[in-house]
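The structure appears right after this line, and notes come after that.
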Amino acid sequence: MAGSEGIITKWPKAAKTVINCLSAEEREEAEAMAEKWNNEAVLPDIQAEVAESKGADMIEHFATEIFKKAGMRVCILSAWKDSQGKLMLGGDCSHDFNEQFRDGESFIKTRDWDGIIMPEWVEYVGEQFDGEDDGEPQIVKSKKQVAKKLVELDEDANGCLILPDTTGWK
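Residue numbers for the sequence shown follow this note's numbering, beginning at 607 and rising by one.
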């Protein structure tokens with residue numbers, strides 16, 4: 607069945623068979639097309655769809671992997687055109703995952719985000735997109751909630767956690 611794991615495992619062999627059946631001219635044409643596809647951006651409507659449907663997840667995946675593998679903390683600013691050509695900005699804390707990684711603090715929550723950083727970003731994005739969108743960019747807020755610590759636990763002299771007195775908690 608198409609898309610099944612069985613078919614996917616057969617894909618490399620099938621692709622190799624097809625490539626081997628191409629004439630020299632067809633192979634050269636296919637290589638040129640692959641080179642073009644690998645070095646040029648996809649069409650704007652496809653970019654908009656990917657940005658809207660997968661952009662935030664791709665950014666979170668990158669931020670998580672770069673921290674896990676390199677110990678790097680990042681805060682990513684994003685901007686794109688949606689399918690109607692409206693300028694969109696990844697705003698609020700949607701691309702700052704630093705609180706989730708080993709006692710980190712949010713860059714956005716600890717800096718003058720609204721007073722300095724966001725206005726500069728909006729100006730930059732307007733220049734990069736050639737001011738094509740006359741209206742104000744729309745800020746897209748994350749649908750995900752950042753996990754927050756419920757309780758900070760103290761440690762005793764031996765490093766064991768001390769449970770808090772919970773009487774009176776609801």
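Note that CB positions come from ideal geometry on N, CA and C, so glycine has one too.
Check	Outcome
Could you check the C-alpha separation between Lys651 and Lys687 for me, to the nearest Å?	Sequence inspection shows Asp at residue 651; the Lys mentioned does not correspond to that position. Rounded to whole angstroms, Asp651 to Lys687 spans 9 Å at the Cα level.
State yes or no: is the C-beta of Asp663 within less than 8 Å of the C-beta of Cys681?	no
Start and end of the alpha helix (DSSP H) containing Gln734?	Met724 to Gln734
Quick check: the segment 614–625 against the segment 643–662, are at least 3 beta-carbon pairs closer than 8 Å?	no
Using the three-state DSSP reduction, which class does Ser659 fall into: helix, strand or coil?	helix
Measure the beta-carbon distance from Leu695 to Val656 and round it to whole angstroms, keeping in mind my assumption that it falls under 8 Å.	Between Val656 and Leu695 the Cβ distance is about 17 Å, and since that is not below 8 Å, they are no contact.
Tell me whether Trp719 is buried or exposed, calling it buried when 16 or more other Cβ atoms sit within 10 Å of its Cβ.	buried
How big is the Cα-Cα spacing for Ala630 and Met639?	14 Å
What would DSSP say about Ile745, mapped onto helix, strand or coil?	strand
Taking DSSP as the reference, what is the three-state secondary structure of Met694?	strand
Would you report the Cα separation of Asp709 and Glu758, rounded to the nearest angstrom?	11 Å
Roughly how many whole angstroms lie between the Cα atoms of Ala731 and Gln690?	The question names Ala, yet the displayed sequence has Val at residue 731. The straight-line gap from Cα to Cα measures roughly 17 Å.
Buried or exposed: where does Leu767 fall if 16 or more other Cβ atoms within 10 Å of its Cβ makes it buried?	exposed
Pick out whichever of Lys642, Glu705 and Leu693 has its Cα sitting closest to the Cα of Phe673.	Glu705
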